[in-house]
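There are 2 protein chains.
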Amino acid sequence: MPRTIRKVTALAGGVGGARLVEGLARVLPPGALTVIGNTGDDFRHYGIAVSPDLDTVMYTLAGIAHPQNGWGLKDDTRAMLGMLKQYGEEGWFGIGDQDMATNLLRTMWLAEGRSLSAITAELCHRLGVQTRLLPMTDDPLHTMVETVEQGVLAFQEYFVRHRWQPTVKALHYRGAERATPAPGVLESIQRADLLVICPSNPVLSIEPILQVAPIRRALADRQVPCVAFSPIIAGDAVKGPTVKIMRELNLDPSLAGISRYYAGLIDGFMVDTQDMQVEVTVPKYAANIWLDTSTKRETAAAELLAWSESL
Amino acid sequence: MPRTIRKVTALAGGVGGARLVEGLARVLPPGALTVIGNTGDDFRHYGIAVSPDLDTVMYTLAGIAHPQNGWGLKDDTRAMLGMLKQYGEEGWFGIGDQDMATNLLRTMWLAEGRSLSAITAELCHRLGVQTRLLPMTDDPLHTMVETVEQGVLAFQEYFVRHRWQPTVKALHYRGAERATPAPGVLESIQRADLLVICPSNPVLSIEPILQVAPIRRALADRQVPCVAFSPIIAGDAVKGPTVKIMRELNLDPSLAGISRYYAGLIDGFMVDTQDMQVEVTVPKYAANIWLDTSTKRETAAAELLAWSESL
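Chains as they are written, first to last, in this note's numbering: chain E, 1338 to 1648; chain F, 1338 to 1648.
In structure tokens, the structure reads:
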């Protein structure tokens, strides 16, 4: 535990973000870590309120995430989905049976008028998660993917139904102009000793958070270091379509490009040892950043914290 | 197939009703049978619209009902319920994972403004059920159980959560005065050549249907025979709390008492051979009325139809 870092706030998307968050939670004392989660992927499926990124972080922190997929629950089954298919439904979004319990509670509580942030806190509490997980906003903010082949798709349609194959023309963050940060989000940024941008897709997972204007402003106005943890190793995304999409959007998917993408928001970039020679726009630190085991997540988080003290 | 009976309409509750309905469906030609199902047990559980009796009839007719329980689906699992319990929820109502698919579709379609009768027809169609299954009403009508020990309970709370143990003081059919028959219900009664009251609990399963005043009136005004199939064998309910509850309500739970309960509505009573000697208020026919196998259901239904021709 570094001496001067007492409060850390991390921006996280789904699987990659959740894995670094797990490492940080293991290294930091209870109560030190706040995670601001992406809700741009949230959607209704069969009327059920699904929050994929929040749940991925929550399940990972609770130690019950699917070890290979990263999302969903380990040992979950898909009996409901099988029956939906028997009814002739397409069944393209794979809600597991146990996972359904989470979604059902959230849907019911939302219908009762509770906020997504209150619901997320309650779910985390019941699963014994001590890290504070905040949705970026309680307001609707939907990442919409404008594609060449299929027109505008809701995020999960693009990502899951079409397996991120259509060519991305533009991303729209519907509702962003009216979205305000969820309670606690700005305070957690303003009171942090260190800010972290997790290894999540910059345009799909982190950008929706930054689209909540007061969040971006609070990050830009920071008095403490903010470090990004690379989602790219040796030119390829650790997971998912980061490189493909950034290219399609005429963004440079290299580490240099990503560090420019975060211009004004980051003061350091933690990259893989394979990328030690790559030029970026901010101080960098190279380490093993594969996060496939809990031990590696913990080690990488400890290194990130130790290095951050020097910034 | 009897010569003069071309259209049959049956009033049915849950498991017992579903089993006779299966027999009738096997004996009658496609399109001949209409079932009016009880919706007094319907309720919302975690925001999900559950219709236990309709689903029991539907699953039985589709050949996918749980063979022992009678309700729910065969080979269903309870992973969602297990996870709800992990969240600290009570989990007293056992929705199976496959069963959840049915409830999810119903809930979503209700939210889209479709009627319960249209939804039930759609679900049946998708499961290949050819028998017409109509909810008694598309309006809310809730069987409420006033108990000595626990006050007024919603039906499923009484029946499932408290395992029908509290003493029943009175039954209330909330919403009955405003409920109108679902589309097709009255016509199916008026056009039938034979009406059947299935072996369901008279006060819990059949009475809610009769509480929709135009349905009771149409039955009372019938020009064709209506026969009841006994839910009692040798003084005991084939399944569930019929005898217990009728006693608590100061009703006579004997065959004679049940035939009086249906006074003015029935013209014949099909009873078990063990009850051959029991006096009832209408002509009776004795047969083996255990309906534990499909063959027995078919045989009993064929006997019922043949006998009904003589009425």
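Just so you know, even glycine gets a beta-carbon here, dropped at the ideal spot from N, CA and C.
{"Asked": "Expressed to the nearest angstrom, what Euclidean distance is found between the alpha-carbon atoms of Ser1452(F) and Trp1501(E)?", "Found": "37 angstroms"}
{"Asked": "Is DSSP giving Asp1609(E) helix, strand or coil here?", "Found": "strand"}
{"Asked": "Under a Cβ-count criterion, where at least 16 other Cβ atoms within 10 Å of its own Cβ denotes burial, should Glu1486(E) be classed as buried or exposed?", "Found": "exposed"}
{"Asked": "Mind checking which residues open and close the beta strand (DSSP E) that includes His1479(E)?", "Found": "1479-1484"}
{"Asked": "In the DSSP assignment, find the unbroken beta strand (DSSP E) run with Val1345(E) in it and report its ends.", "Found": "1345-1349"}
{"Asked": "Can you find the residues in the same chain that come closer than 6 angstroms, C-beta to C-beta, to Asp1390(E), ignoring five residues on each side of it along the sequence?", "Found": "Gly1350, Gly1351, Gly1374, Asn1375, Asp1378"}
{"Asked": "When you check each C-beta in the region 1379-1408 of chain E against every C-beta of chain F, which residues fall closer than 8 angstroms?", "Found": "Tyr1383, Gly1384, Ile1385"}
{"Asked": "Using a Cβ-Cβ cutoff of less than 8 angstroms, which residues in the same chain neighbour Ser1591(E) once the five nearest sequence positions on both sides are dropped?", "Found": "Ile1569, Gly1572, Val1615"}
{"Asked": "Is any beta-carbon of chain E found at less than 8 angstroms from that of Leu1442(F)?", "Found": "yes"}
{"Asked": "Just to confirm the assignment, what range does the alpha helix (DSSP H) spanning Thr1632(F) have?", "Found": "1631-1646"}
{"Asked": "Alpha carbon to alpha carbon, how far is Gln1467(E) from Glu1514(F)?", "Found": "52 angstroms"}
{"Asked": "Once the 5 residues before and after Gly1521(F) are set aside, which same chain residues still bring their CB inside 8 angstroms of it?", "Found": "Thr1371, Ser1454, Arg1469, Leu1471"}
{"Asked": "Would you mind telling me which residues of chain F sit closer than 8 angstroms to Leu1421(E), beta carbon to beta carbon, in chain order?", "Found": "Ala1438, Leu1441, Leu1442"}
{"Asked": "According to the neighbour-count rule (16 or more other Cβ atoms, all chains shown, within 10 Å of its Cβ), is Gly1433(E) buried or exposed?", "Found": "buried"}
{"Asked": "Assuming Leu1460(F) contacts Leu1442(F) under a Cβ cut-off of 8 angstroms, what Cβ separation, rounded to an integer in Å, is found between them?", "Found": "7 angstroms"}
{"Asked": "Can the beta-carbon of Ile1603(F) be found less than 8 angstroms from the beta-carbon of Val1540(F)?", "Found": "no"}
{"Asked": "With a CB to CB cut of under 7 angstroms and the five nearest residues on each side skipped, what residues in its chain are close to Gly1354(F)?", "Found": "Val1394, Cys1535, Pro1536, Ser1537, Ser1542"}
{"Asked": "Measure the CB-CB distance between Val1345(E) and Leu1523(E) and report whether it falls below 8 angstroms.", "Found": "no"}
{"Asked": "What does a CB cutoff of less than 8 angstroms around Leu1410(E) pick up in its chain, not counting 5 residues either side in sequence?", "Found": "Tyr1396, Ile1401, Ala1402, His1403, Gly1433, Gln1435, Asp1436"}
{"Asked": "Check for me: the beta strand (DSSP E) holding His1499(E) runs from which residue to which?", "Found": "No beta strand (DSSP E) holds His1499(E); DSSP gives it neither H nor E."}
{"Asked": "Could you give the C-beta distance for Gly1594(E) and Leu1588(E), rounded to a whole number, given that I count them as a contact under 8 angstroms?", "Found": "6 angstroms"}
{"Asked": "Applying the 10 Å Cβ sphere with the 16-neighbour rule, what's the burial state of Ser1647(E)?", "Found": "exposed"}
{"Asked": "Where does the unbroken alpha helix (DSSP H) through Ala1355(F) begin, and where does it stop?", "Found": "1352-1364"}
{"Asked": "What is the DSSP secondary structure of Gly1450(F), reduced to helix, strand or coil?", "Found": "coil"}
{"Asked": "To the nearest angstrom, how far is it from the Cα of Met1338(E) to the Cα of Trp1644(E)?", "Found": "In this prediction, Met1338(E) has a pLDDT of 48, which is less than 50 and means its spatial position is unreliable; what the coordinates show is noted afterwards. If I take the Cα positions, the gap works out to 12 angstroms."}
{"Asked": "Where do the ends of the beta strand (DSSP E) carrying Tyr1622(F) lie?", "Found": "1621-1624"}
{"Asked": "Who are the neighbours of Thr1610(F) on chain E, taking C-beta pairs under 7 angstroms?", "Found": "Chain E residues near Thr1610(F): none, gap ~40 angstroms exceeds 7 angstroms."}
{"Asked": "Taking Cβ positions, are Pro1551(E) and Thr1517(E) nearer each other than 8 angstroms?", "Found": "yes"}
{"Asked": "Tell me where the beta strand (DSSP E) around Ile1603(E) begins and ends.", "Found": "It is not in any beta strand (DSSP E) - Ile1603(E) carries neither H nor E in the DSSP assignment."}
{"Asked": "Got a sec: is the Cβ-Cβ distance from Gln1435(F) to anything in chain E below 8 angstroms?", "Found": "yes"}
{"Asked": "So, using beta-carbon positions, are Gly1360(F) and Ala1637(F) closer together than 8 angstroms?", "Found": "yes"}
{"Asked": "Since Gly1374(F) sits in a beta bridge, which residues does DSSP pair it with?", "Found": "Ala1349(F), Pro1472(F)"}
{"Asked": "With a threshold of 16 other CB atoms inside 10 Å of the CB of Ile1342(E), please say whether the residue is buried or exposed.", "Found": "buried"}
{"Asked": "Which residues share a DSSP beta bridge with Phe1492(F)?", "Found": "Answer is none; Phe1492(F) lacks a bridge partner."}
{"Asked": "What do you reckon, are the CB atoms on Ala1438(F) and Gly1384(E) nearer than 8 angstroms?", "Found": "no"}
{"Asked": "Take the Cβ of Arg1634(F) as the centre, count every other Cβ of all protein chains shown within 10 Å, and call the residue buried at 16 or more, exposed below.", "Found": "buried"}
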